[in-house]
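Inspection log for the structure reproduced underneath, given as structure tokens.
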Amino acid sequence: MNIRNNRKKSAYRAKGASSGALQARSGGGRGPRSGARPSGNRSRGGGGQRGSRPGGGSTAPARDQQRVAPAQRQPEPSRAAPKELELPEAITVRDLADAMGRSPIDLIKELMNAGIMANINQLIDYDTAAIVAEDMGYTVKEMEVPEPEEPEEVETPAVRRREYTAEEQKELRERPPVVTVLGHVDHGKTSLLDAIRATHVQAQEAGGITQHIGAYQVPVGERQVTFLDTPGHEAFTAMRARGASVTDIAVLVVAADDGVQPQTREAIDHARAAQVPIIVALNKIDLATANPDFVKQQLADVGLVVEDWGGDVICVPVSAKQKTGIDTLLEMILLVAELAELKAKPKGPAQGVVIEGRLDRSRGSTATLLVQDGVLNTGDALLVGHTYGKIRAMTDYQGRRIRRAGPSTPVVVIGLRDVPEAGDIFEVLPSEREARARAEERAQAAQQAEAQPVSGLTLDQIYERAQEGAVQSLNLILKADVQGSLEPIRNSLDKLDVGDLRVKFIHEGVGNVAESDVMLAVASQAIILGFNVGVEPSAQRLAEAEHVSIKTYEVIYRLIEDVQLALTGMLAPEYVNVEQGKAIVREVFSIPRVGKVAGAQVTEGKALRNAQVRVRRGDQILHEGRVSSLKRYTEDVREVSTGMECGVGIDGFNDVQPDDILEFYTREQVK
């Protein structure tokens, strides 16, 4: 029985054997080494010839009484041993002896009996300390360590609440649609807005080109329409990349004399990625060189089939210069908005998104806000991104002072501490003090997040993300050197048949990878693939900052092969069980904190640490789970061969008994 106890103590819980401080004995009992020092002490302190020397009778007995063997010392009455010990993960021999109220020598001897050599300052783990303490008559429990507090997630309120409670739905009212105007440069985006609003905003812009984001609200009969005039799809996507899904409808301006241009294609892809309906405004139809049918054919080539060609895309011929077709365009916008059933809460604290932020020399930090829910009032305390403030003044898009603004209303506010970024979320809080506290928390959390390494989505990570349910399709942005290269690549990728999974093209174009491609990839969780193209330095820097994966190829089949592997990885893999070996349980040991450990002998094949185990008792399977530990004496091992003994820990199962059969198997993926 002593041999069995020694195996139990040395095979499962002894640590530090490699350092030389802890050594396992192959035999049991008290060997010569464990008894050498006490024997020597007894010979010195005994009443032998040294104690009977002449003249030494008066002093030797006193010395001998002081040199009683340590094993014979009894605990002092003042150090009464407690019945229950609470031990940490690791403890020194000295501290354990003090906790037990025993001499360190007693404890060292008990460790030696268990096959462990340790000095008084040796650090031993909880399991070793628990085994020795229980053998010495103590009840042991593990010291509870408080779990570290998990950092609070940075609060990211939704930009637009698409789901409301039953009570809130009763309060919902129709709101004006928010329209973004996109298109190729010089196709007349701002001129069209100028005609709609009957103002001359374009004359105020340098060179007649829009330099900043503007928001305007236009009355159409008894209803209102909010327009966002952007400098291009880059700003539109930049806001969406920050989580701001602002737009309800996208108006694509295409010049009838110029047709679909590269920026037109990009604008279409950006609008599609945002999943908003598109209305085509066919501008400049008053020119003699206008060719509407040719433009419609080009639109059909990129997937926008207009209604008079049998499609579902509304196309309205307009002339911003002649102010023709404007009323029809507005009617179509209201029609699409009505079908979308756009609603919002007309009461309560406001929330929305920042359209643009500026630093004015005379007024300080200003921000153009778009209210999306509730009512914004002068004097409200705002939390905007990582900054805060109290609205001192609020004006509409025409510069007139207003005191309140409802859903879908753009306003310019003054009173923020810092300039917010476009796409930041704002919300109204009860007090400025609370807004400041939460802004400081967000800023601190953002700093901590920046210090953490972040990796973007890559082809190699598609499988992991798909397993987590975070990816349903492989979004790609494809850039090639010439149009002739795009077609065969796209056709080959479209033909990839991997279950129900498909490639989804967010954007494809000719030329080097640009900043707009990277920004679109950020907003759409896409991967950029380039064929025989380079990457612009600014795009490379932005990709590194935003952790966007850009892969370039010079051989088509390698590009196709990588995408094929990524799609294959997204499928749920099939596994089969491969039997590895069997073992019979000879003995069962109860280990504190760990539970029951099976002392087993391998009878067939081999036992593997990184394997699954099936516990069989007779013809009945009691449990199937994972091997939590596999040891040979004091050492953790990867495998144990036939005929050898080992200790097996079974995750989640404590009812193992002698003569149980352990069947080890691995799960291997079917290729």
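Counting from 999, one number per residue, gives the positions in the sequence shown under this note's numbering.
Cβ coordinates follow ideal geometry from the N, Cα and C atoms, glycine included.
Proximity below 8 Å, CB of residue i to CB of residue j
| i | j | result |
| --- | --- | --- |
| N1473 | I1504 | yes |
| I1659 | R1614 | yes |
| V1251 | N1281 | yes |
| R1591 | E1140 | yes |
| I1279 | L1327 | Per the sequence shown, residue 1279 should be read as Ala rather than Ile. Cβ atoms of A1279 and L1327: closer than 8 Å. |
| I1487 | L1563 | no |
| A1088 | I1118 | no |
| A1519 | I1475 | yes |
| V1511 | K1477 | yes |
| Y1386 | A1437 | yes |
| V1091 | I1106 | yes |
| V1300 | I1277 | no |
| Y1663 | A1609 | yes |
| V1244 | L1340 | no |
Neighbour flag for residue i against chain C, beta carbons, 8 Å
| i | result |
| --- | --- |
| Q1562 | The chain labelled as chain C is not found in the depicted structure, where only one protein chain is given. |
Exposure of residue i, with buried meaning 16 or more beta-carbon neighbours within 10 Å
| i | result |
| --- | --- |
| F1292 | exposed |
| R1665 | exposed |
| G1482 | exposed |
| R1100 | buried |
| N1111 | buried |
| R1005 | Unreliable positioning characterises R1005 in this predicted model, as indicated by a pLDDT of 43, which lies under 50. The coordinate reading is nonetheless provided below. Buried is the call here. |
| R1636 | exposed |
| Q1349 | buried |
| D1256 | buried |
| E1264 | buried |
| A1596 | buried |
| A1286 | exposed |
| S1262 | According to the sequence as given, residue 1262 is Thr; it is not Ser. Result: buried. |
| T1601 | exposed |
| P1086 | exposed |
| A1271 | buried |
| Y1555 | exposed |
| S1360 | exposed |
| E1354 | buried |
C-alpha distance - residue i paired with residue j, whole-angstrom precision
| i | j | result |
| --- | --- | --- |
| V1223 | Q1667 | 56 Å |
| S1076 | S1639 | Only weak support is given to the placement of S1076: the predicted model assigns it a pLDDT of 41, under 50, and the question is left unresolved by the model. |
| L1191 | V1410 | 19 Å |
| K1187 | A1253 | 10 Å |
| A1420 | Q1370 | 15 Å |
| L1297 | R1195 | 28 Å |
| A1127 | D1096 | 13 Å |
| A1193 | K1319 | 8 Å |
| T1366 | P1315 | 31 Å |
| A1598 | F1651 | 15 Å |
| R1398 | P1217 | 16 Å |
| T1130 | V1561 | The sequence given here places Val at residue 1130; Thr does not occur at that position. Answer to the nearest angstrom: the Cα atoms are 58 Å apart. |
| V1611 | I1619 | 11 Å |
| I1376 | D1394 | For the sequence presented, residue 1376 should be read as Thr rather than Ile. The straight-line gap from Cα to Cα measures roughly 12 Å. |
| G969 | K1294 | Here the chain has residues from 999 to 1669 only, and residue 969 is not among them. |
| V1274 | R1221 | 21 Å |
| E1542 | P1535 | 11 Å |
| S1588 | K1594 | 4 Å |
| E1169 | A1213 | 27 Å |
Nearest neighbour of residue i, chosen from the options [CA to CA]
| i | options | result |
| --- | --- | --- |
| V1352 | V1583, K1321, L1226 | L1226 |
| G1346 | E1082, V1373, M1330, M1392 | V1373 |
| E1661 | Y1631, K1388, V1583 | V1583 |
| L1414 | A1271, G1397, R1436, G1362 | G1362 |
| V1546 | D1371, A1298, L1527, I1118 | L1527 |
| Q1259 | A1521, E1506, A1581 | E1506 |
| G1219 | L1332, G1387, A1605, H1185 | L1332 |
| A1248 | H1268, Q1273, T1178, D1310 | T1178 |
| A1403 | Q1215, D1306, L1180, D1133 | Q1215 |
| G1641 | D1649, G1650, A1605, E1438 | A1605 |
| T1550 | I1525, E1542, R1092 | I1525 |
| G1603 | G1579, R1624, K1594 | G1579 |
| Y1124 | V1138, E1339, D1133, A1116 | V1138 |
| T1322 | R1359, E1585, D1284 | D1284 |
| M1392 | L1427, D1378, D1416 | D1378 |
| P984 | Y1631, R1624, E1585 | Because the chain spans 999 through 1669 in this model, residue 984 falls outside it and cannot be assessed. |
N- and C-terminal bounds of the alpha helix (DSSP H) containing residue i
| i | result |
| --- | --- |
| Q1320 | It is not in any alpha helix (DSSP H) - Q1320 carries neither H nor E in the DSSP assignment. |
| L1094 | 1091-1098 |
| L1285 | From DSSP, L1285 is part of no alpha helix (DSSP H); its letter is neither H nor E. |
First and last residue of the uninterrupted beta strand (DSSP E) at residue i
| i | result |
| --- | --- |
| Q1610 | 1610-1615 |
| I1118 | First-last for I1118: undefined, no H or E at that position. |
| I1312 | 1312-1315 |
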